[in-house]
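A.B. asks:
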Amino acid sequence: MLAAHPLRLAYLLDHRNFVAALTVKAARLGDLGYAVQAGETLHLYRLQRGDGDGPRTYLVNPITGACTCPFHRRQVDTEPMTLDGSIVPCKHVLGLGRLVESTLIALRAERDSRYFLLCAWWIATRLELRSRHSPLLGLWPTPDERISSCHSPSKMCESAR
Ligand SMILES: [Zn+2]
1 MLAAHPLRLA
11 YLLDHRNFVA
21 ALTVKAARLG
31 DLGYAVQAGE
41 TLHLYRLQRG
51 DGDGPRTYLV
61 NPITGACTCP
71 FHRRQVDTEP
81 MTLDGSIVPC
91 KHVLGLGRLV
101 ESTLIALRAE
111 RDSRYFLLCA
121 WWIATRLELR
131 SRHSPLLGLW
141 PTPDERISSC
151 HSPSKMCESA
161 R
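For the sequence shown, the numbering used here gives the first residue as 1, with consecutive numbering after it.
#1: Quick check: what's the CA-CA separation for Gly30 versus Ile123?
#2: CB-CB under 8 Å to Leu42, same chain, minus the five flanking residues each way: which ones, in chain order?
#3: Okay, do the stretch 12-24 and the stretch 78-96 touch, 3+ Cβ pairs below 8 Å being the bar?
#4: Taking 7 Å as the limit between beta carbons, can you name the residues of its chain near Gly97, skipping five residues before and five after?
#5: Measure from the alpha carbon of Gly95 to the alpha carbon of each residue in Ala27, Leu12, Ala4, then state which is nearest.
#6: Measuring alpha carbon to alpha carbon, tell me which residue in Gln75, Leu127, Arg114, Val100 is nearest Tyr11.
#7: Would Arg8 be called buried (16 or more neighbouring beta carbons within 10 Å of its own) or exposed?
#8: Quick one: grab the DSSP three-state call for Ser119.
#9: Measuring alpha carbon to alpha carbon, tell me which residue in Ala38, Glu40, Tyr34, Leu59 is nearest Arg49.
#10: Would you call Ala66 buried or exposed, if buried means 16 or more other Cβ atoms sit within 10 Å of its Cβ?
#11: Would you decide whether Pro6 is buried or exposed? Buried here means 16 or more other CB atoms lie within 10 Å of its CB.
#12: Just the C-alpha distance for Leu83 and Ala109, rounded to the nearest angstrom, thanks.
#13: Around ligand 1, which residues pass a check of Cβ closer than 5 Å to any of its heavy atoms?
#14: With DSSP as the reference, identify every bridge partner of Asn17, one or two as the case may be.
#15: Would Val36 pass as a contact of Thr103 if the rule is Cβ separation under 7 Å?
#16: Where DSSP assigns a beta bridge to Leu139, which residues make up the other side?
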């Protein structure tokens, strides 16, 4: 019998509890020290975390559910967690929406120009997820109305005057 990874064992023993714990962590990405910015291509997000082990960067695509973190990579490259081979989404995918929304609110309050790219990325991603009826949308807070009312740089510039 193959030796299973401890995370896979934990998942197989009690997948509901495993996913519940993952969802709790996912909702706290900001508290865990993660920052997010728009990636190089549409729907790609760069998550960074600086901690005792040095900075870590993961690229997350919520449309495909892909992430460059070990949790996701191990499932794709080595061994799926599930018996049917489906991929268990990582906390970065599960928590992306909440982290992006809170980041947008902070960037807007600081009148930081990085707001516009992240906002454009996020609007496009949400539309794409909606067209695919993605369950991820149900995990995330409704977009802040201050964000949806400020799609264009000109509006923010007006309010900055
Ligand atoms: Zn991940």
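Even for Gly, the Cβ is constructed at its ideal location relative to N, Cα and C.
Here the structure is a predicted model, which means the values were calculated and not measured.
C.D. replies: Looking at the coordinates:
#1: As a working mapping, residue 30 is identified with position 30 in the sequence shown. As a working mapping, residue 123 is identified with position 123 in the sequence shown. Distance between the alpha carbons of Gly30 and Ile123: 20 Å.
#2: Numbered from 1 along the sequence shown, position 42 holds the residue referred to as residue 42. Around Leu42: Trp121, Ala124, Thr125.
#3: Using a C-beta cut-off of 8 Å, the stretch 12-24 makes contact with the stretch 78-96, since at least three inter-stretch Cβ pairs fall below that distance.
#4: Along the sequence shown, read from residue 1 onward, the residue named residue 97 stands at position 97. Sequence-distant Cβ neighbours of Gly97 in its own chain, meaning closer than 7 Å and more than five residues away, are Leu136, Leu139, Trp140.
#5: Here the question's residue 95 lines up with position 95 in the sequence shown. Of the candidates Ala27, Leu12, Ala4, Ala27 places its Cα closest to the Cα of Gly95.
#6: Start at 1 with the first residue of the sequence shown, and residue 11 comes out as number 11. Distances from the CA of Tyr11 to each of Gln75, Leu127, Arg114, Val100 were compared; the closest alpha carbon is that of Gln75.
#7: As a first step, residue 8 must be located in the sequence shown, where it is residue number 8. When all chains shown are included, Arg8 counts as buried.
#8: For this step, residue 119 is matched to residue 119 along the sequence shown. Just to set this straight, residue 119 is Cys in the shown sequence, not Ser. DSSP places Cys119 in helix when its eight states are reduced to three.
#9: Reading the sequence shown from its first residue, position 49 is the one you call residue 49. With distances taken between Cα atoms, Arg49 lies closest to Tyr34.
#10: Here residue 66 refers to the residue found at position 66 of the sequence shown. Answer is buried; the Cβ neighbour count reaches 16.
#11: On the sequence shown, residue 6 is found 6 positions in, with the first residue counted as 1. Exposed is the call here.
#12: Residue 83 sits at position 83 when you count from the first residue of the sequence shown. Residue 109 sits at position 109 when you count from the first residue of the sequence shown. Taking the straight line from one Cα to the other gives about 46 Å.
#13: Put simply, the residues with a CB less than 5 Å from any heavy atom of ligand 1 are Cys67, Cys69, His72, Cys90, His92, in chain order.
#14: Mapped onto the sequence shown, residue 17 falls at position 17. In the DSSP output, where bridge partners are listed per residue, Asn17 has none listed.
#15: In the sequence shown, counting from the first residue as 1, residue 36 sits at position 36. In the sequence shown, counting from the first residue as 1, residue 103 sits at position 103. Yes, Cβ-Cβ distance for Val36 and Thr103 is below 7 Å.
#16: By one-based count along the sequence shown, residue 139 stands at place 139. Assignment of beta-bridge partners to Leu139 by DSSP yields no partner.
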